[in-house]
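**Student:** Sequential numbering of the sequence shown, starting at 6, is according to the numbering used here. All residues carry an ideal CB built from backbone N, CA and C; glycine is no exception. Note that this is a predicted model, so its numbers are computed, not measured.
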Amino acid sequence: MKTSSSPCVPASPRDERSPVPGDVLERYFELHAPELQTANLRERVLIEQRNLAKQDAIVDLVLDRLGPLDRPARVLDIGAGVGSMLRRMSQRGLQAHGVEPSVEQCRLAMAHLPAGKAGLVNAVGERLPYRDNTFDAVVSMSVLEHCRDQRLMLSEGVRVLRPGGIWYLVFPNYLFVWEPHYDLFWPPMLPRALKTFYVRLRGRDPRYLDELTFTTPGSMRRLLQGLPARVEDLGLDLFLARLRSTETISVPALARIVGTLRALGVLKPLEWAARLGVYHPVVWIIHKLETA
Numbered sequence: 006m007k008t009s010s011s012p013c014v015p016a017s018p019r020d021e022r023s024p025v026p027g028d029v030l031e032r033y034f035e036l037h038a039p040e041l042q043t044a045n046l047r048e049r050v051l052i053e054q055r056n057l058a059k060q061d062a063i064v065d066l067v068l069d070r071l072g073p074l075d076r077p078a079r080v081l082d083i084g085a086g087v088g089s090m091l092r093r094m095s096q097r098g099l100q101a102h103g104v105e106p107s108v109e110q111c112r113l114a115m116a117h118l119p120a121g122k123a124g125l126v127n128a129v130g131e132r133l134p135y136r137d138n139t140f141d142a143v144v145s146m147s148v149l150e151h152c153r154d155q156r157l158m159l160s161e162g163v164r165v166l167r168p169g170g171i172w173y174l175v176f177p178n179y180l181f182v183w184e185p186h187y188d189l190f191w192p193p194m195l196p197r198a199l200k201t202f203y204v205r206l207r208g209r210d211p212r213y214l215d216e217l218t219f220t221t222p223g224s225m226r227r228l229l230q231g232l233p234a235r236v237e238d239l240g241l242d243l244f245l246a247r248l249r250s251t252e253t254i255s256v257p258a259l260a261r262i263v264g265t266l267r268a269l270g271v272l273k274p275l276e277w278a279a280r281l282g283v284y285h286p287v288v289w290i291i292h293k294l295e296t297a
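1) Could you compute how far the alpha carbon of L275 sits from the alpha carbon of W289?
2) How is the beta strand (DSSP E) around E237 delimited, first residue to last?
3) Is the CB-CB distance between P185 and L243 below 8 Å?
4) How far does the alpha helix (DSSP H) with N45 in it reach, from first residue to last?
5) How about I83 and V148: are their beta carbons less than 8 Å apart?
6) Determine the closest residue to Y196 out of L214, G208, Q155, with distance taken between C-alpha atoms.
7) Near Q212, what residues of its chain come up, given a Cβ to Cβ distance below 7 Å and the 5 sequence neighbours on each side ignored?
8) In whole angstroms, give me the CA-to-CA distance for P134 and Y179.
9) What does the Cβ neighbour count give for D69, buried or exposed, with the cut at 16 atoms within 10 Å?
10) Please confirm whether G130 and Q110 have their CB atoms less than 8 Å apart.
11) Is S95 near A58, with beta carbons less than 8 Å apart?
12) Could you tell me if V126 is buried or exposed, where buried requires 16 or more neighbouring beta carbons within 10 angstroms of its beta carbon?
13) Check K1 in the structure and name its three-state DSSP category.
14) By DSSP, does H292 sit in helix, in strand, or in coil?
15) Taking 7 Å as the cut-off, does the CB of G208 come closer than this to any heavy atom belonging to the ligand ATP?
16) Starting from the C-beta of L71, find all residues in its chain whose C-beta is less than 7 Å away, skip the five residues before and the five after it, and write them out in chain order.
17) On a CA-only basis, which of R112, M194, V108, D210 is nearest A128? Give me that one, please.
18) Classify P211 as helix, strand or coil using the three-state DSSP reduction.
19) If distances are taken between C-alpha atoms only, which option among K200, Q230, L232 comes closest to T218?
20) Just to confirm my understanding: we take D154, look at its own chain, exclude 5 residues before and 5 after, and list those with CB closer than 6 Å. What are they?
21) Pick out the complete beta strand (DSSP E) segments inside the segment 150-226, 3 residues or longer, and give them in chain order.
22) Counting C-beta neighbours from all protein chains within 10 Å, is the total for M158 16 or more, i.e. buried, or is it exposed?
23) Residue ranges of each beta strand (DSSP E) run of no fewer than 3 residues wholly in the segment 45-117, ordered along the chain?
24) Measuring only the C-alpha atoms, how far is V144 from L166?
25) Is DSSP giving K7 helix, strand or coil here?
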């Protein structure tokens, strides 16, 4: 990962009210590692990055947890990618800032971000170029598993939050039977050598496994120990909502499977397992303690 910290320069302006333009998303998908470039993943990228309803729901949740402010909330997106969430936050009137380690993705993002309304810096989550207590909120989705030093990223995210601020944090749960990058069903808890063998067995190139540091709720809670933070876990409610309505599932293949299981009337065992803590997706609100 790059460790530079430099501002990205905006290109020509686009329509500020629209989602990320399709040509930008196509180029964004082409920047993915070759072993990930499948039709299913392309479909998911297009759905996720243009999903304004989901982005609005995240903004609404953040604003609700923050409560009334006498100014626009100052929010940082760690791992801003092509800038879709950053763009939506600025459209909603937030003071939106982002960091992204990929120079190419920074350039793509700045091609459609409204000039002067969102800031984007080429930097990594383990070394945020901001002072302590700078932001009211931090947003980070599917980034933590890409960090080599996850404890440092967690520490940095908490550091730049003001006391009482919140961090909307989403990362894959590798206790589950789905690997979101390869878009494959996944036997959990395999050692790395068997993961490599399994990916090859499925006819895929395993090199991207080297880019991942596998995450679980338990391992991340241990890394948070000693930081001035409290975890609010939203994952169970989200998982149960997904079982009730496939419209909330952004992975098309999973949506089809859940729909089939519902039609067969066999979703209850999954609900019971989730309530027992066996699995649910990792969607956290990390609250920075007021005494920090």
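**Tutor:** Inspection of the coordinates gives the following:
1) Translated into the one-based positions of the sequence shown, residue 275 becomes position 270. Translated into the one-based positions of the sequence shown, residue 289 becomes position 284. Going from the Cα of L275 to the Cα of W289 covers about 21 Å.
2) Taking the sequence shown and counting its residues from 1, the one referred to as residue 237 is at position 232. 234-238 is the extent of the beta strand (DSSP E) around E237.
3) Here residue 185 refers to the residue found at position 180 when the sequence shown is read from its first residue. Here residue 243 refers to the residue found at position 238 when the sequence shown is read from its first residue. No. Outside cutoff.
4) The residue labelled residue 45 in the question sits at position 40 within the sequence shown. Run containing N45: 44-54, per the alpha helix (DSSP H) assignment.
5) Looking up residue 83 in the sequence shown gives position 78. Looking up residue 148 in the sequence shown gives position 143. Yes. Within cutoff.
6) As a working note, residue 196 is residue 191 in the sequence shown. The sequence shown places Pro at residue 196, not Tyr. With distances taken between Cα atoms, P196 lies closest to L214.
7) Start at 1 with the first residue of the sequence shown, and residue 212 comes out as number 207. Residue 212 is actually Arg in this sequence, not Gln. Cβ neighbours of R212 beyond the five flanking positions: E40.
8) Position 129 of the sequence shown holds residue 134. Position 174 of the sequence shown holds residue 179. Looking at the two C-alpha atoms, the distance is approximately 30 Å.
9) Position 64 of the sequence shown, counting from 1, holds the residue named residue 69. It is exposed - the Cβ of D69 has fewer than 16 other Cβ atoms within 10 Å.
10) Counting from one through the sequence shown, the residue named residue 130 turns up at place 125. Counting from one through the sequence shown, the residue named residue 110 turns up at place 105. Cβ distance not < 8 Å, so G130 and Q110 don't count as in contact.
11) Along the sequence shown, one-based indexing puts residue 95 at 90. Along the sequence shown, one-based indexing puts residue 58 at 53. No. Outside cutoff.
12) Numbered from 1 along the sequence shown, position 121 holds the residue referred to as residue 126. Buried.
13) Nothing can be reported for residue 1, as the shown portion of the chain is limited to 6 through 297.
14) Stepping through the sequence shown from its first residue, residue 292 is reached at position 287. Strand, per DSSP.
15) As for the ligand ATP, it is missing from this structure, which has no ligand bound.
16) As a working mapping, residue 71 is identified with position 66 in the sequence shown. Excluding sequence neighbours, L71 sits near A78, D141, A142, I171.
17) Walking along the sequence shown from the start, residue 128 turns up at place 123. It is V108 whose Cα lies nearest to the Cα of A128.
18) On the sequence shown, residue 211 is found 206 positions in, with the first residue counted as 1. In the structure shown, P211 sits in a helix (DSSP, three-state: H, G or I).
19) The residue you call residue 218 lines up with position 213 of the sequence shown. The residue with the shortest Cα to Cα distance from T218 is K200.
20) Here residue 154 is taken as the residue at index 149 of the sequence shown, counted from 1. Excluding residues up to 5 positions away in sequence, E131 lie with their Cβ nearer than 6 Å to the Cβ of D154 in the same chain.
21) If we require 3 residues or more, the beta strand (DSSP E) runs fully inside the segment 150-226 come out as 166-176.
22) For the purposes of this step, residue 158 is taken as the residue at position 153 of the sequence shown. Buried, by the Cβ-count rule.
23) Counting only runs of 3 or more residues that sit fully inside the segment 45-117, the beta strand (DSSP E) segments are 79-83, 100-104, in chain order.
24) Position 139 of the sequence shown, counted from the first residue, corresponds to residue 144. Position 161 of the sequence shown, counted from the first residue, corresponds to residue 166. For V144 and L166, the distance between alpha carbons rounds to 11 Å.
25) To locate residue 7, count along the sequence shown from 1; it is residue 2. A caution first: K7 carries a pLDDT of 37, below 50, which makes its placement in the model unreliable, though a value can still be read off. Of the three classes helix, strand and coil, the one that applies to K7 here is coil, per DSSP.
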